[in-house]
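According to this note's numbering, the sequence shown is numbered sequentially starting from 10. Every residue, glycine too, gets a C-beta built ideally from N, C-alpha and C. Reviewing the structure listed below.
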Amino acid sequence: MGKIRKVVIPAAGLGTRLYPLTRGQPKEMLPIVDKPVIHYVVEEAVKAGIEEILIIIGRGKESVINYFDSNNFDSNLDREYGFDKFPEIFFVRQKEPKGLADAINCARGFVGEEPFLVLLGDTIYTTQSKDAVAKQLVKAFESKDAPIIAVEKIGQSEIKYYGIIDGKKVSDRLWLIKDAVEKPDPKDAPSNMGIAGAYVLTSDIFNYIDRLSKGKNGEYQLTDALKAMAKETEVYGYEFEGRRYDIGTKERWIDAFIEFAKGDKKFHSK
Ligand code: UTP
């Protein structure tokens, strides 16, 4: 079993639900208090022990590249903002936003044969645990040596926005996944456990992505590739300890901003 050294961060989505905020800037560059969202995502990866980062970008996302230009790195300033040393970051462009599975496929060359972490560019986490959520997932992968997906309980009215798993609980936080369905009608959902934006995958996933046809919303869905994989090999879900903020909608972005501001003593009036 290989150590998880690499993360893939898909950030090529159009961000239409945040329009008009995303007319001139990517959603990954929206602020959460005093840092852009993508900064938190990279920090989460670094906390999981990642050494190499690939960010999948698309049209109009150049400011993400500029943000991580190492010429802009100031070791004093950046230490205060979460980086002791500047992480190794690469970028690749997804030609068209054809779906999350297609975005991950752009990482094939970067990943090679190694297992790798995936963190969505618009999703950040907080936790009371000593381990960051991505670190929890990496540890769970190490215990099982099989692909593993962060999952969490989803309220009935939200099920239609998530990939939902069907599986068997095998221990306190682990599910053995038997099936998965992208954005089901709540009445057809196989469970209330939703896929929560973080994954540790093995390079076999590319074989399943190769066989995909277009799924929900005419996009190549990672959930469909995972579903096919789960039929042939062990794939686990891991109920992480922490809270997830998907900043892809205005309500959730505002919610995240407020929660992070409340938690940051720098911004509390005396
Ligand atoms: P979303 O579906 O939440 O993002 O994709 P989106 O496409 O930007 O959303 P809307 O509907 O237009 O508002 C989940 C993650 O997958 C990435 C997104 O950037 C986000 O991090 N993604 C999605 C890609 O990188 N490429 C794609 O083709 C689709």
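- The beta carbons of K187 and A239 sit about 6 Å from each other, so the pair counts as a contact at 8 Å.
- Three or more beta-carbon pairs drawn from the segment 157–164 and the segment 197–212 are found closer than 8 Å, and the two stretches are therefore classed as touching.
- Sorting K169, V101, V73 by C-alpha distance to the C-alpha of M38 places V73 at the top.
- Closest in C-alpha terms to G33, from the list Y247, K70, W262, I65, comes K70.
- Short note on D131: C-beta closer than 6 Å to some heavy atom of the ligand UTP.
- Counting the other Cβ atoms within 10 Å of the Cβ of H48 gives 16 or more, which makes it buried.
- For the options G108, I214, T135, Q103, the alpha carbon positioned closest to that of I157 is the one of I214.
- The DSSP-derived three-state label of F269 is helix.
- Taking 4 residues as the shortest admissible run, the segment 216–251 contains the following complete alpha helix (DSSP H) segments, listed from N- to C-terminal end: 231–241.
- As for any alpha helix (DSSP H) of minimum length 4 sitting wholly inside the segment 52–82, the runs are 71–76, ordered along the chain.
- Under the rule that a run must span 3 or more residues, the beta strand (DSSP E) segments found entirely inside the segment 134–191 read 157–162, 172–178, 183–191.
- Within the same chain, T211, T242, E243, V244, Y245 come within 8 Å of A155 by CB-CB distance, once the 5 residues on both sides are set aside.
- By the C-beta criterion, the segment 202–210 is judged to be in contact with the segment 120–139, since at least 3 inter-stretch pairs fall below 8 Å.
- Counting of Cβ neighbours within 10 angstroms places F249 among the buried residues, the total reaching 16 or more.
- For F276, the number of other beta carbons within 10 angstroms of its own is below 16, and it is reported as exposed.
- A straight-line Cα-Cα distance of about 5 Å links E60 and R14.
- P19 has its CB nearer than 6 Å to a heavy atom of the ligand UTP.
- If you draw a straight line from the Cα of I41 to the Cα of A237, it is about 36 Å long.
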